[in-house]
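Asker: Shown below is the structure under consideration.
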Amino acid sequence: MEYYPHDYQKRAIKFVIDNPKSSLLLQPGLGKTSISLSAVEYLINSLEVSKVLIVAPVRVASMTWSDEAKKWSHLSSLKVSRLIGSPAQRIKAINTKADIYTISTGNLAWLVHYAIKTWKKWPYDFLIIDESSMFRNPSSMRFKALKKVAPLSSRVTILTGTFVPNGLLGAFGQMYLLDQGKRLGRTFTEYKDRYFKPGQRQGHVIFSWSLKEGADQQIYDAISDISLSMETKDYLDLPPRIDQFEMLELENKERYDEFKKTEVLQLSDDYELTPVSAAAMYSKLVQFSNGCVYKDDGTYEVVDNTKLLALCDDVVELNGEPVLIGYLFRSDYERIIKEIPHAVKLDSDATIARWNKGEIAVAVAQYQSVSHGINLQFGGYNMRLFGLPWDLETLIQFIARMDRQGITRPVVCKYYLGKGTIEELIKERLEGKAKTQDSLMAALKKELSL
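Mind the numbering: the sequence shown is residues 1 to 450 in our numbering, read in order.
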């Protein structure tokens, strides 16, 4: 296919070319993969780079980048080698002559170890970090691995549509991979001390941080010179998404309330569930809201069917119109598939292709399993969310699999939430995080328009 980039895509391509260290904060659906590959094609043909390493979520690394390179005629000269499979297969892919090498975040530490042990010089002069928000935790192994090699690439670009889904603390790790602390601080501690103040704490342990007055704008200003921010609503004429929240009164709400109050839940066979920590208690309340509670041995017991019955009624009312159901727990999937036997789990390239061809009426997918790099906009426009994830990025990315360029009707996204349960708190927290994310995107756009 011939590639005819939109004006905003031309601007983004030029931004990557002009800035050896850059962050593209593009919301899902704006074409960051084709933008990045177009910049790569230009830089390789102009002899500015020779080898590109792309770090991405596993499915994106194994499929999306190579598929996109094959899709457009101007990228036909680019050869992609995928570092996937067994260690032997990855080593073979490393030694294959190519322009672009893709590797999953899970195998990144292996590659860095291999490089230190095998090579005298880091061979990749252009590093692209796809879904860089996965590196926002500077204590994670993946961040520490990339921290060793990112300075060795003359060019580094980070890509994400959810830069700070859980607040501005997450900005440090991603920006550090670009400038080694030049803009936000040499260490995470320095960053926190400069822009934040301690919130909840117990003794010397600090559980939360809040921004100092005016610190958010200071952070935006500090990173604006190497950041290009774009929101879908500004560049794509998508049908407006319809969000519906169905607040359900659980049939066993009294039992839920008693469990919440006493932290003891009596199950069958005289099994007494007693969560050992606040985090465990929160998890059990979320499970209860969805209708099942897990025991310590990994088995689960049904405690409420309110949500499941509401979902099944909705599927019947759709009368064959395709619907994608997102779920949290294995127990959710097993109960849904039992009540809707013709439902198909989207867990492979084949089932995703069938969905996009309109061959599946009811599809089910765990939120994180299709949260990055998958296009689902061609198979339908109905989404049903069986419970809410705590992580805003996961939620945004899941919805964006369908609500993206190519959709021809408004996506109807319906959430089933337990009234008066912990899910109301989760909804409130997610909305608060979204405001932070939106504030950053708006501030950077304003800076770039001056």
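Beta carbons: idealized from backbone N, C-alpha and C, even for Gly.
Going straight from the alpha carbon of VAL433 to that of THR351, what length do you get?
Answerer: Here the sequence assigns Lys to residue 433, which means Val is not the residue at that position. Using only the alpha carbons, I get a separation of about 33 Å.
Asker: Give a yes or no on contact between the segment 378 to 386 and the segment 205 to 218, applying the rule of three or more CB pairs nearer than 8 Å.
Answerer: no
Asker: Report, in whole angstroms, the separation of the C-beta atoms of LEU346 and ALA365, which I expect to be a contact under 8 Å.
Answerer: Contact between LEU346 and ALA365 holds: their C-beta atoms lie close to 4 Å from each other, under 8 Å.
Asker: Residue range of the alpha helix (DSSP H) that ARG330 falls in?
Answerer: 330 to 339
Asker: Take every Cβ of the segment 47 to 64, pair it with every Cβ of the segment 124 to 134, and state whether three or more of those distances are shorter than 8 Å.
Answerer: yes
Asker: Whether or not the segment 247 to 267 and the segment 410 to 421 are in contact is what I'm after, with contact meaning three or more pairs of Cβ atoms, one per stretch, closer than 8 Å; do they touch?
Answerer: yes
Asker: With DSSP as the reference, identify every bridge partner of SER22, one or two as the case may be.
Answerer: THR157
Asker: Locate the alpha helix (DSSP H) running through PRO87, then write down its first and last residues.
Answerer: For PRO87, the enclosing alpha helix (DSSP H) starts and ends at 87 to 94.
Asker: Below 8 Å on the Cβ atoms is my guess for LEU324 versus ALA363; work out the distance and round it to an integer in Å.
Answerer: Yes, LEU324 and ALA363 are in contact; Cβ-Cβ is about 5 Å, under 8 Å.
Asker: What is the DSSP secondary structure of ASN382, counted as helix, strand or coil?
Answerer: strand
Asker: For THR64, count neighbouring Cβ atoms within 10 angstroms of its own Cβ and tell me buried if that reaches 16, exposed if not.
Answerer: It counts as buried.
Asker: So, with DSSP's three-state summary, where would you put ARG11?
Answerer: Of the three classes helix, strand and coil, the one that applies to ARG11 here is helix, per DSSP.
Asker: Under 8 Å, do TYR191 and PHE163 count as touching if we go by C-beta distance?
Answerer: no
Asker: What is the DSSP secondary structure of GLN244, counted as helix, strand or coil?
Answerer: strand
Asker: Can you tell me which of the three DSSP states TYR4 falls into?
Answerer: The answer is coil: DSSP assigns TYR4 none of H, G, I, E or B.
Asker: I believe SER66 touches THR102 by the beta-carbon criterion, under 8 Å. Please report the beta-carbon distance rounded to the nearest angstrom.
Answerer: Confirmed, about 7 Å.
Asker: Would you list the one or two residues that DSSP bridges to ILE128?
Answerer: ILE54 and THR157
Asker: Does ALA400 pass the burial test, meaning 16 or more other C-beta atoms within 10 Å, or should it be called exposed?
Answerer: buried
Asker: Cutting at 6 Å between CB atoms, please list the residues of its own chain near LEU178, excluding the five before and the five after it.
Answerer: LYS21 and VAL156
Asker: List the DSSP bridge partners of GLN266.
Answerer: In the DSSP output, where bridge partners are listed per residue, GLN266 has GLU272.
Asker: Could you have a look at PHE207 and say whether DSSP puts it in helix, strand or coil?
Answerer: coil
Asker: Pull up the distance between the alpha-carbon of VAL52 and that of SER23, whole angstroms please.
Answerer: Cα to Cα, the separation comes out at about 16 Å.
Asker: What residues in its chain sit with their C-beta under 7 Å from that of VAL49, if we drop five residues either side in the sequence?
Answerer: LEU43, ASP125, PHE126 and ARG155
Asker: Return the first residue and the last residue of the beta strand (DSSP E) that ILE399 is part of.
Answerer: Premise fails: ILE399 lies in the alpha helix (DSSP H), 392 to 400, not in any beta strand (DSSP E).
Asker: Taking SER153 as the reference, give the member of TYR176, TRP122 and TYR256 with the closest Cα.
Answerer: TRP122
Asker: If we call anything under 8 Å between Cβ atoms a contact, is PHE518 one with TYR327?
Answerer: This structure does not reach residue 518, given that the chain is present from 1 up to 450, and the question cannot be answered.
Asker: Round the Cβ separation of LEU37 and LEU78 to the nearest angstrom and send it over; I've been treating them as touching at under 8 Å.
Answerer: 7 Å
Asker: Who does THR102 pair with in a DSSP beta bridge?
Answerer: ILE54 and ARG82
Asker: Who are the Cβ neighbours of VAL276 in its own chain at under 6 Å, not counting the five residues just before and after it?
Answerer: none
Asker: By Cβ distance below 6 Å, which residues in the same chain neighbour LEU246 in space, the five residues on each side in sequence not counted?
Answerer: It should be pointed out that residue 246 corresponds to Glu in this sequence rather than to Leu. Here the set comprises TYR416.
Asker: Compute the distance between the beta-carbons of GLN27 and MET281, then report whether it is under 8 Å.
Answerer: Contact flag unset, no.
Asker: Excluding sequence positions up to five away, which residues of its chain have a Cβ less than 7 Å from the Cβ of PRO239?
Answerer: Short of 7 Å from the beta carbon of PRO239, and not among the five residues preceding or following it, lie these beta carbons of its own chain, in chain order: ILE407, ARG409 and PRO410.
Asker: Would you report the Cα separation of MET402 and ILE396, rounded to the nearest angstrom?
Answerer: 11 Å
Asker: What does a CB cutoff of less than 8 Å around ASN305 pick up in its chain, not counting 5 residues either side in sequence?
Answerer: GLU251 and GLY291
Asker: By DSSP, does SER36 sit in helix, in strand, or in coil?
Answerer: helix
Asker: Going by other Cβ atoms of all chains shown within 10 Å of its Cβ, with 16 needed for buried, is ILE116 buried or exposed?
Answerer: exposed
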